[in-house]
Amino acid sequence: MAILNILEFPDPRLRTIAKPVDTVDDALRQLIDDMFETMYEAPGIGLAATQINVHKRLVVMDLSEDRSEPRVFINPEFETLTDEVEQYQEGCLSVPGFYETVERPQKVRIKALDRDGQPFELIAEGLLAVCIQHECDHLNGKLFVDYLSTLKRDRIKKKLEKLHRQQA
Ligand code: QAP
Ligand code: CO
Numbered sequence: 036m037a038i039l040n041i042l043e044f045p046d047p048r049l050r051t052i053a054k055p056v057d058t059v060d061d062a063l064r065q066l067i068d069d070m071f072e073t074m075y076e077a078p079g080i081g082l083a084a085t086q087i088n089v090h091k092r093l094v095v096m097d098l099s100e101d102r103s104e105p106r107v108f109i110n111p112e113f114e115t116l117t118d119e120v121e122q123y124q125e126g127c128l129s130v131p132g133f134y135e136t137v138e139r140p141q142k143v144r145i146k147a148l149d150r151d152g153q154p155f156e157l158i159a160e161g162l163l164a165v166c167i168q169h170e171c172d173h174l175n176g177k178l179f180v181d182y183l184s185t186l187k188r189d190r191i192k193k194k195l196e197k198l199h200r201q202q203a
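For the sequence shown, the working numbering assigns the number 36 to the initial residue and increments by one for each residue that follows.
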């Protein structure tokens, strides 16, 4: 197992569109395990492969308090099931220290493959719906800060750039 480096906004590599996974094999399961270890260590509730600079359509998530419900989504797709939207205070391991309200469809149907390559479907509301939409955005090179005003996004960008300069 390994802790992987998480890319941070405004790193241009976070804008890469991920490619579909074509085979679910042991090498992919190793990557999945490393992503869980990285997410748990952070700690976070969701991580897309894009964030660790692997441009495959792969997401890991655990929304439980005691980290007992690991969920894997390979080639995830979602479809909106309602016109209702819900606001949620979102954060992101790639935008550390910043949380902002984002509005998204409240109910979605998710289709994906599990870690054995088997297709599954589920209907999501609440935090699960928010999180899967947030993570699918990563696979398309999109970040939650893209939903904010230019002013807010630029402020976050400047603060993170300054932090990164100090770390260098
Ligand atoms: C995405 O985010 C998400 O700023 C997952 O300093 C978040 O795991 C979906 C984290 C909220 C829906 C709602 C963020 C850790 C973790 C930080 C995360 C930080 C340390 C974020
Ligand atoms: Co994120």
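Every residue gets a Cβ at the ideal spot worked out from N, C-alpha and C, and that includes glycine. Nothing here was measured: the structure is a model prediction, and the numbers come from that model.
Bridge partners - residue i, DSSP secondary structure assignment
i: Met96; result: Gly81, Arg106
i: Asp154; result: Reading off the sequence, residue 154 comes out as Pro, not Asp. Pro154 pairs with Leu148.
i: Thr51; result: Beta-bridge pairing links Thr51 to no other residue.
i: Arg139; result: Glu121
Cβ-heavy atom distance, residue i to the ligand QAP, below 8 Å
i: Gly161; result: no
i: Leu128; result: yes
i: Phe108; result: no
i: Tyr75; result: no
Helix, strand or coil at residue i according to DSSP, with G and I counted as helix
i: Phe44; result: coil
i: Arg188; result: helix
i: Lys91; result: strand
i: Phe113; result: strand
i: Lys194; result: helix
i: Ile182; result: Inspection of the sequence shows that residue 182 is occupied by Tyr rather than by Ile. Here Tyr182 sits in helix by DSSP.
Range covered by the alpha helix (DSSP H) that runs through residue i
i: Gln65; result: 61 to 76
i: Ile38; result: Note, Ile38: premise wrong, no alpha helix (DSSP H); not H, not E.
i: Asp172; result: 161 to 174
heavy atom of the ligand CO below 8 Å from residue i C-beta
i: Phe179; result: yes
i: Glu170; result: yes
i: Ser103; result: no
i: Gly152; result: no
i: His90; result: no
i: Ala62; result: no
i: Gly132; result: no
i: Ala83; result: yes
heavy atom of the ligand PLP below 8 Å from residue i C-beta
i: Glu125; result: What this structure holds is the ligand QAP and the ligand CO, not the ligand PLP.
Beta strand (DSSP E) segment containing residue i, residue limits
i: Val120; result: 120 to 125
contact_flag[the segment 181 to 196, the segment 144 to 163] where n(CB pairs < 8 Å) is 3 or more: no
Would you call the segment 104 to 115 in contact with the segment 129 to 146, where contact means no fewer than 3 C-beta pairs closer than 8 Å? yes
Decide if the segment 97 to 105 is in contact with the segment 41 to 61; the criterion is three or more beta carbon pairs, one per stretch, under 8 Å apart. no
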